Amino acid sequence: MKKIFLSTLIFILTFSIFVLPVGAVGQGPNYNGNETIKNERLTSNEDLMKQVERAADRSEFIELEIIGQSVKGRDLPLVKFGNNPDNPTILFLTQQHGNEQLVTEAALHVIKGLSNNNKHNQELADQVNVFFVPRLNPDGAVGDVDFDISNHLAGGQSTRANAAGFDLNRDHNTLAQPETYALHHNVLRAYDIDYLVDFHHQGARSAINDQLVSGSILYPTNSGVKPEVVEMSKQLGKIMYDAVEDRGFGLLGKYNGGSANTIARNGLAYEYDISTLLFEMRGMSDHPNPNTILGQKSNGYLIQQGVISMEAAIDAIADGSINEADTSFWDTLEVQRFKPQEEAEVE
Ligand SMILES: [Zn+2]
Numbered sequence: 001m002k003k004i005f006l007s008t009l010i011f012i013l014t015f016s017i018f019v020l021p022v023g024a025v026g027q028g029p030n031y032n033g034n035e036t037i038k039n040e041r042l043t044s045n046e047d048l049m050k051q052v053e054r055a056a057d058r059s060e061f062i063e064l065e066i067i068g069q070s071v072k073g074r075d076l077p078l079v080k081f082g083n084n085p086d087n088p089t090i091l092f093l094t095q096q097h098g099n100e101q102l103v104t105e106a107a108l109h110v111i112k113g114l115s116n117n118n119k120h121n122q123e124l125a126d127q128v129n130v131f132f133v134p135r136l137n138p139d140g141a142v143g144d145v146d147f148d149i150s151n152h153l154a155g156g157q158s159t160r161a162n163a164a165g166f167d168l169n170r171d172h173n174t175l176a177q178p179e180t181y182a183l184h185h186n187v188l189r190a191y192d193i194d195y196l197v198d199f200h201h202q203g204a205r206s207a208i209n210d211q212l213v214s215g216s217i218l219y220p221t222n223s224g225v226k227p228e229v230v231e232m233s234k235q236l237g238k239i240m241y242d243a244v245e246d247r248g249f250g251l252l253g254k255y256n257g258g259s260a261n262t263i264a265r266n267g268l269a270y271e272y273d274i275s276t277l278l279f280e281m282r283g284m285s286d287h288p289n290p291n292t293i294l295g296q297k298s299n300g301y302l303i304q305q306g307v308i309s310m311e312a313a314i315d316a317i318a319d320g321s322i323n324e325a326d327t328s329f330w331d332t333l334e335v336q337r338f339k340p341q342e343e344a345e346v347e
């Protein structure tokens, strides 16, 4: 009797995970501890390699290069659409942090679009080189690391650091890790990169004007970066900001970031004169902190945010309109702040 009651109770509790309202706030549903975290729809490392190989096979304009291997020996791909040294080059870098995955999904979507040999892509290939390093941290992306991540709320499906426990986005001066070494030696020093977008995911509770944001952006802030590099970074930000703000789901804040050159946004602008933009999407796929995790219900609009902003940047560099972008919006862009979780209303 007691056993039957318990089974019923377990059934109700289990079932209620799927029927409870998810407490949608701001720009989309939050994890809030009452949504199951499912990441299995995200692209595996094996599928990612298949997708970029397929794009290179299919396209007249795409080449695939392996720039190195991760700590655990996984290949690190560089996807190159167009490779004319006379044209400007933009590089999209994703997933330095393994638990920041939707930006890679967005990159794969854009790569797939570019692999069509249609007229639009032929014109683009005449005007611009578009490079991708999708998923610099494939070990962290699958939680295959040499340290304990059992405190992560999705069970350690993915984590921030690389397999050796290093934060790759603090390693851009030392290049002590094979992933950052490969990026610098075989991409940044091997090609003439003009623009770079460093895509990340931030916590799920950042807000401006009391509204949760869908992301945030920032240009290089190290005082050693040349003013013209900063200005071009701000122009890149303007193009991507406008593309996102045009959509109903888009609300971007200004990221409150530091000036150290150990991070890509500053270090790459300083060392190589690359115009860089940090683009942070809302929420991560696994983390110990519930304020950081985002349930899968927001995946669609966040992937879309990545896709439309990448495509806008590509088009504006190709047709040169980026050079006319007005950067004054940066002066009034609100710096995002952490918004504490509202108290749940309980009967
Ligand atoms: Zn990150």
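Residues in the sequence shown are numbered consecutively from 1, following UniProt numbering. Just so it is clear, CB atoms sit at the ideal spot from N, CA and C, and this is done for glycine as well. No experiment lies behind these values; they were computed from the predicted model shown.
Under 8 Å between C-beta atoms of residue i and residue j
i           : j           : result
residue 241 : residue 336 : no
residue 330 : residue 234 : yes
residue 268 : residue 218 : no
residue 131 : residue 78  : yes
residue 173 : residue 137 : no
residue 95  : residue 141 : yes
residue 157 : residue 285 : yes
residue 359 : residue 205 : An answer regarding residue 359 cannot be provided, because it is not within the stretch 1 to 347 covered by the chain.
residue 106 : residue 306 : yes
residue 216 : residue 280 : yes
residue 186 : residue 73  : no
Pairwise C-alpha distance: residue j and residue i
i           : j           : result
residue 334 : residue 244 : 16 Å
residue 167 : residue 252 : 25 Å
residue 97  : residue 207 : 22 Å
residue 200 : residue 159 : 13 Å
residue 327 : residue 228 : 12 Å
residue 316 : residue 99  : 30 Å
residue 214 : residue 297 : 13 Å
residue 341 : residue 295 : 15 Å
residue 299 : residue 101 : 10 Å
residue 318 : residue 264 : 24 Å
residue 274 : residue 139 : 27 Å
residue 88  : residue 261 : 24 Å
residue 125 : residue 115 : 11 Å
residue 231 : residue 193 : 16 Å
residue 22  : residue 48  : Because residue 22 sits at a pLDDT of 34, beneath the cut-off of 50, its placement in the model cannot be relied upon, and the following sentence gives the value as read from the coordinates. Whole-angstrom Cα-Cα distance: 31 Å.
residue 143 : residue 292 : 17 Å
residue 202 : residue 118 : 36 Å
residue 103 : residue 111 : 12 Å
residue 145 : residue 323 : 43 Å
residue 165 : residue 42  : 23 Å
residue 29  : residue 301 : Only weak support exists for where residue 29 lies, its pLDDT of 46 falling under 50; the value from the coordinates is given anyway. Going by the C-alpha atoms only, they are around 11 Å apart.
residue 184 : residue 175 : 8 Å
residue 190 : residue 66  : 13 Å
residue 150 : residue 86  : 49 Å
residue 44  : residue 123 : 32 Å
Proximity winner among the options, relative to residue i (alpha-carbon distances)
i           : options               : result
residue 178 : 269, 310 and 75       : 75
residue 304 : 289, 325, 282 and 276 : 282
residue 308 : 69, 164, 122 and 248  : 248
residue 154 : 288, 339 and 202      : 288
residue 63  : 52, 71, 72 and 185    : 52
residue 332 : 209, 280, 223 and 262 : 209
residue 180 : 42, 286, 82 and 71    : 71
residue 271 : 222, 58, 176 and 84   : 222
residue 238 : 73, 66 and 278        : 278
residue 50  : 258, 134 and 73       : 134
residue 82  : 280, 42, 258 and 121  : 121
residue 128 : 84, 151, 152 and 150  : 84
residue 348 : 290, 46, 310 and 113  : Here the chain covers residues 1 to 347 and nothing more, so residue 348 does not appear.
residue 236 : 67, 151, 320 and 44   : 320
beta-carbon residue i near ligand 1 non-hydrogen atom, thresh 7 Å
i           : result
residue 200 : yes
residue 169 : yes
residue 97  : yes
residue 100 : yes
Expected contact under 8 Å - CB spacing of residue i and residue j to nearest Å
i           : j           : result
residue 197 : residue 61  : With 8 Å as the limit, residue 197 and residue 61 do not qualify as a contact, their Cβ atoms being about 20 Å apart.
residue 90  : residue 325 : In fact, because the Cβ distance is near 14 Å, the residues do not count as touching under 8 Å.
residue 220 : residue 266 : 5 Å
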